[in-house]
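There are 6 protein chains.
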Amino acid sequence: MAKLKGKTVAASEVEMIEVVLPNDTNPLGNVLGGRVMHLIDMAGAVAAHRHSRRILVTASVDYLDFVHPIRVGQFIILKSRVTRVFHTSIEVEVRVFREDYMTGERLQTSSAFVTYVALDETGRPRLVPALIVRSREERQRYREALERRRHRLAMAKRAHLRYFDKWQPKRR
Amino acid sequence: MAKLKGKTVAASEVEMIEVVLPNDTNPLGNVLGGRVMHLIDMAGAVAAHRHSRRILVTASVDYLDFVHPIRVGQFIILKSRVTRVFHTSIEVEVRVFREDYMTGERLQTSSAFVTYVALDETGRPRLVPALIVRSREERQRYREALERRRHRLAMAKRAHLRYFDKWQPKRR
Amino acid sequence: MAKLKGKTVAASEVEMIEVVLPNDTNPLGNVLGGRVMHLIDMAGAVAAHRHSRRILVTASVDYLDFVHPIRVGQFIILKSRVTRVFHTSIEVEVRVFREDYMTGERLQTSSAFVTYVALDETGRPRLVPALIVRSREERQRYREALERRRHRLAMAKRAHLRYFDKWQPKRR
Amino acid sequence: MAKLKGKTVAASEVEMIEVVLPNDTNPLGNVLGGRVMHLIDMAGAVAAHRHSRRILVTASVDYLDFVHPIRVGQFIILKSRVTRVFHTSIEVEVRVFREDYMTGERLQTSSAFVTYVALDETGRPRLVPALIVRSREERQRYREALERRRHRLAMAKRAHLRYFDKWQPKRR
Amino acid sequence: MAKLKGKTVAASEVEMIEVVLPNDTNPLGNVLGGRVMHLIDMAGAVAAHRHSRRILVTASVDYLDFVHPIRVGQFIILKSRVTRVFHTSIEVEVRVFREDYMTGERLQTSSAFVTYVALDETGRPRLVPALIVRSREERQRYREALERRRHRLAMAKRAHLRYFDKWQPKRR
Amino acid sequence: MAKLKGKTVAASEVEMIEVVLPNDTNPLGNVLGGRVMHLIDMAGAVAAHRHSRRILVTASVDYLDFVHPIRVGQFIILKSRVTRVFHTSIEVEVRVFREDYMTGERLQTSSAFVTYVALDETGRPRLVPALIVRSREERQRYREALERRRHRLAMAKRAHLRYFDKWQPKRR
Numbered sequence: 001m002a003k004l005k006g007k008t009v010a011a012s013e014v015e016m017i018e019v020v021l022p023n024d025t026n027p028l029g030n031v032l033g034g035r036v037m038h039l040i041d042m043a044g045a046v047a048a049h050r051h052s053r054r055i056l057v058t059a060s061v062d063y064l065d066f067v068h069p070i071r072v073g074q075f076i077i078l079k080s081r082v083t084r085v086f087h088t089s090i091e092v093e094v095r096v097f098r099e100d101y102m103t104g105e106r107l108q109t110s111s112a113f114v115t116y117v118a119l120d121e122t123g124r125p126r127l128v129p130a131l132i133v134r135s136r137e138e139r140q141r142y143r144e145a146l147e148r149r150r151h152r153l154a155m156a157k158r159a160h161l162r163y164f165d166k167w168q169p170k171r172r
Numbered sequence: 001m002a003k004l005k006g007k008t009v010a011a012s013e014v015e016m017i018e019v020v021l022p023n024d025t026n027p028l029g030n031v032l033g034g035r036v037m038h039l040i041d042m043a044g045a046v047a048a049h050r051h052s053r054r055i056l057v058t059a060s061v062d063y064l065d066f067v068h069p070i071r072v073g074q075f076i077i078l079k080s081r082v083t084r085v086f087h088t089s090i091e092v093e094v095r096v097f098r099e100d101y102m103t104g105e106r107l108q109t110s111s112a113f114v115t116y117v118a119l120d121e122t123g124r125p126r127l128v129p130a131l132i133v134r135s136r137e138e139r140q141r142y143r144e145a146l147e148r149r150r151h152r153l154a155m156a157k158r159a160h161l162r163y164f165d166k167w168q169p170k171r172r
Numbered sequence: 001m002a003k004l005k006g007k008t009v010a011a012s013e014v015e016m017i018e019v020v021l022p023n024d025t026n027p028l029g030n031v032l033g034g035r036v037m038h039l040i041d042m043a044g045a046v047a048a049h050r051h052s053r054r055i056l057v058t059a060s061v062d063y064l065d066f067v068h069p070i071r072v073g074q075f076i077i078l079k080s081r082v083t084r085v086f087h088t089s090i091e092v093e094v095r096v097f098r099e100d101y102m103t104g105e106r107l108q109t110s111s112a113f114v115t116y117v118a119l120d121e122t123g124r125p126r127l128v129p130a131l132i133v134r135s136r137e138e139r140q141r142y143r144e145a146l147e148r149r150r151h152r153l154a155m156a157k158r159a160h161l162r163y164f165d166k167w168q169p170k171r172r
Numbered sequence: 001m002a003k004l005k006g007k008t009v010a011a012s013e014v015e016m017i018e019v020v021l022p023n024d025t026n027p028l029g030n031v032l033g034g035r036v037m038h039l040i041d042m043a044g045a046v047a048a049h050r051h052s053r054r055i056l057v058t059a060s061v062d063y064l065d066f067v068h069p070i071r072v073g074q075f076i077i078l079k080s081r082v083t084r085v086f087h088t089s090i091e092v093e094v095r096v097f098r099e100d101y102m103t104g105e106r107l108q109t110s111s112a113f114v115t116y117v118a119l120d121e122t123g124r125p126r127l128v129p130a131l132i133v134r135s136r137e138e139r140q141r142y143r144e145a146l147e148r149r150r151h152r153l154a155m156a157k158r159a160h161l162r163y164f165d166k167w168q169p170k171r172r
Numbered sequence: 001m002a003k004l005k006g007k008t009v010a011a012s013e014v015e016m017i018e019v020v021l022p023n024d025t026n027p028l029g030n031v032l033g034g035r036v037m038h039l040i041d042m043a044g045a046v047a048a049h050r051h052s053r054r055i056l057v058t059a060s061v062d063y064l065d066f067v068h069p070i071r072v073g074q075f076i077i078l079k080s081r082v083t084r085v086f087h088t089s090i091e092v093e094v095r096v097f098r099e100d101y102m103t104g105e106r107l108q109t110s111s112a113f114v115t116y117v118a119l120d121e122t123g124r125p126r127l128v129p130a131l132i133v134r135s136r137e138e139r140q141r142y143r144e145a146l147e148r149r150r151h152r153l154a155m156a157k158r159a160h161l162r163y164f165d166k167w168q169p170k171r172r
Numbered sequence: 001m002a003k004l005k006g007k008t009v010a011a012s013e014v015e016m017i018e019v020v021l022p023n024d025t026n027p028l029g030n031v032l033g034g035r036v037m038h039l040i041d042m043a044g045a046v047a048a049h050r051h052s053r054r055i056l057v058t059a060s061v062d063y064l065d066f067v068h069p070i071r072v073g074q075f076i077i078l079k080s081r082v083t084r085v086f087h088t089s090i091e092v093e094v095r096v097f098r099e100d101y102m103t104g105e106r107l108q109t110s111s112a113f114v115t116y117v118a119l120d121e122t123g124r125p126r127l128v129p130a131l132i133v134r135s136r137e138e139r140q141r142y143r144e145a146l147e148r149r150r151h152r153l154a155m156a157k158r159a160h161l162r163y164f165d166k167w168q169p170k171r172r
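Protein chains in written order, with the numbering used here: chain A, 1 to 172; chain B, 1 to 172; chain C, 1 to 172; chain D, 1 to 172; chain E, 1 to 172; chain F, 1 to 172.
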């Protein structure tokens, strides 16, 4: 297992583009938050698949902000890149941009950090290749990923003790 | 504006149920993370609409965890309730459960905190009614919402300085 | 088989809520009848699953009325409850309401009676638990279900003699 | 208004064919009842539009039976024809068939009677052309449509008195 | 294999009708080209299935023109018929019409030629029945299909030499 | 109008990636031809929008070949680039690749040439910027685009004389 060769950030980077159709919008003509979330999950998953070449499940989403609306008549561009791996999990940063098809203007509208867990065919977690970070920015994102992970685990622990653990499966 | 009458948590609580169809799943038969995210956004938005009776936009999603998979042949149950309001924004907790349609067994699979901003017809933020919290649990969630908000704003500030602010609209 | 324990109406009652998206509407902005029918089938099926915990097929729909339109910008609320069981089939009443998200006003827009048949894994009909009816209203719906069934069978028989039976499978 | 020229049954008859895709099915591979209902509404609406050339709303569905399942790998064929008009409403019979794409075998799987109301641009009911019935079968369906209407109105009246009228709009 | 009985053009002709819903359109209210292409593929496939009663894959699309737009509030009518078979492949002509639901006016908006290949369960090409052409028009389309095929093969060969052959599978 | 500045091929190149979901496939697990066509139209339209910054309609599709199937569990990658402009129309080449998410293997599965027409707000054709071609390959595609256009116009003319022109709008 130790023999898994590391991969660079660039080796799994993804850029997706989607055309906003009426079906993706709320009655005001803005893209639904839930539609953007679905695309963020897809864009993040492609990067994580390219890094790991494994079956993946989405484990968590954090710091997802919607700063500007995206409207009918604009393109949605998603850029995703792996920021760090933790044995069997992969954190991916996904940034979302809108591009106006008439003016060409682009603006970042969202960003998010999505974590995936790699599984084998029987559903057990599997090691993923190490991430080779090179540039100053890659190293900074790598360091911050650890902070995010610690905060996430601390919060999850509190939440689990409070909400999940009291809750028992029951039949109805 | 000060005359907006407060509303209780119970007044806007929501329970949604969805049947998992093949279209909602990945090739392994598990519900897609992005599909669950879309439903979380819908369930949270209904609670926020019931509390505010305003036009809303999704502003952020945090602490979204996927702890157990949901499969074809199970129901997705979503429960959402307002945890706190901050002048023009509303934090909603959304919990996700799966219910097996053959055994009736239920299990919490996800939880998330989604924040919505209330707008008037011209797109400017509008005050929303205060939240009346009564039970010990409601008061606890209310206090923790402030912590979450502070952490979110701190992170957003760092993220904005780093990623958004350097980035300028350009034409292509 | 006689040992199947009866279940109350409350044990399987369902409330669903859906947000009307542009995709659900006709060019006038009203929800499509066919979309409401799909939701009625889903809401009825959840109640029938909760009562029977069996594989189910939809057998018939009757007395489905559309009294008021539902528009973009409104929620669709569906309430379903078992009205009677007949050995292997389950009649469910589904009522549909619209809730305006700005005013909170609610109005019943449709009702329907949907009958499901419970099957085992090989596709043969299976007995379902008896329905325990308690309130005066539950007993009334229970009695009327028998009338509806008789009318349905009488009509089906006529229809079958006329349309189905004359019609023979053929190859083209 | 009396000058609206009558139209024959043949002038508005419709035949639709749909390919069953995985998205249309339940986890067992059978087409969802709600999907068939949506197609029935579409097929009936096309016939009613061709007869009336008016804006239409679906008013009611009756005697909808599901006699045989339709599976992935089969075509859904829908045939609809106007059976009678009542001033501003149009009753359409819709029959559903499955056609196996490998064997070519066809079998009727459902039938239903759907009633549409014709509206003008302001939403008020409008007269529709009379139906010219010629064959013995067309005349028989025409006579039976009256029976169905009477039964429907009688049931609707009871249902309205019981369920709808007691229910008052309320704010939440 | 030589015993496959020929079939007439009429034996596999298809007419489909679809109602344009908001989800099928671009922000200007016109049906998306890609939506029409999907329907052309479906309509062509039904005719090819009826002719061959085989598993089919779409092999190519040619001469697809969009001459007039189709708008929300119109029906899409597709007519498809087999024009010629070449051992294991079937060329189908698909014509697309719009029908205005208020005026009844019909206009051809597109036509295309789609070629399908018949396969057995293991994915190998299978012979399909010969096409029996009778009318002068059927014979003309039959002759022209050969021209189209020759042009297609000539172009495909050039394209393959240029684009496909230089391109080698690689791992990323 | 003559002042429209030319744009290079690179200025409007597009790469899209899509995850194949069960809903995109036929019962054998292969992506539907019609789904790929829809994506080709989207990918081609983005390139044409980036070149023209105009409202566009799809005018024709040619030489669309499906050489290899794409399956559930693979990514669809589309690459589109403008090959030539003709006053108000833009020809775009779209190439389709599959990428296996477990092995990373990539293979070209389709290519097509799609032509779009640029319109102003009133629906009249508008001039688009000239295409600046630089590399030997860009010049070759540019020359061949003229051949394709001539063949397309010749075929369209024959087809129109034969099929479209005889056909007159009629009311039904």
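Built from N, CA and C at the ideal position, the CB exists for glycine as well.
Whose Cβ in chain C lies nearer than 7 Å to the Cβ of residue i?
i: Leu131 of chain D; result: Under the 7 Å cutoff, chain C gives no residues; its nearest Cβ is about 19 Å from Leu131 of chain D.
In this structure, how does DSSP classify residue i when only helix, strand and coil are distinguished?
i: Asp24 of chain A; result: helix
i: Val19 of chain E; result: strand
i: Glu13 of chain D; result: coil
i: Arg173 of chain C; result: The first residue shown for chain C is 1 and the last is 172, placing residue 173 of chain C beyond what the model contains.
i: Lys7 of chain A; result: strand
i: Thr122 of chain D; result: coil
i: Leu146 of chain E; result: helix
i: Arg134 of chain B; result: coil
i: Lys157 of chain F; result: helix
Output the boundary residues of the alpha helix (DSSP H) element that contains residue i.
i: Leu39 of chain A; result: Gly33 to Ser52
With a CB to CB cut of under 6 Å and the five nearest residues on each side skipped, what residues in its chain are close to residue i?
i: Asp165 of chain F; result: Residue confidence for Asp165 of chain F is low, a pLDDT of 38 falling below 50, so the modelled location carries little weight and cannot support an answer.
i: Val133 of chain E; result: Arg139 and Tyr142
i: Gly29 of chain D; result: Arg71 and Val72
i: Glu13 of chain C; result: Arg81
Got a sec, what are the start and stop residues for the beta strand (DSSP E) residue i sits in?
i: Ile77 of chain D; result: Gln74 to Phe86
i: Ser89 of chain F; result: Ser89 to Asp100
i: Ser184 of chain E; result: No answer is possible for residue 184 of chain E: the residues shown for chain E start at 1 and end at 172.
i: Arg106 of chain F; result: Arg106 to Leu119
Let me make sure I understand the geometry here. Which of the options has the alpha-carbon closest to that of residue i?
i: Leu64 of chain C; options: C:Val9, C:Val46 and C:Gly33; result: C:Gly33
i: Val85 of chain E; options: E:Ile70, E:Tyr116 and E:Ile55; result: E:Tyr116
i: Arg50 of chain D; options: D:Glu144, D:Val92 and D:Arg98; result: D:Val92
i: Ala10 of chain D; options: D:Glu147, D:Ala145, D:Ser135 and D:Lys157; result: D:Ser135
i: Val20 of chain E; options: D:Lys157, D:Asn26 and D:Met42; result: D:Met42
i: Ala45 of chain B; options: B:Arg35, B:Met37, B:Val36 and B:Thr58; result: B:Thr58
Could you list which residues in chain D have their beta carbon closer than 8 Å to that of residue i, in chain order?
i: Gly104 of chain E; result: Arg50 and Arg53
Listing by chain order, which chain B residues have their CB less than 7 Å from the CB of residue i?
i: Glu15 of chain C; result: Glu15
Excluding the 5 residues preceding and the 5 following residue i in the sequence, name in chain order all residues of the same chain whose CB lies nearer than 8 Å to its CB.
i: Glu144 of chain C; result: Thr83
Since residue i meets chain D, which of its residues come closer than 7 Å, beta carbon to beta carbon?
i: Pro27 of chain F; result: Pro22, Val72 and Gly73
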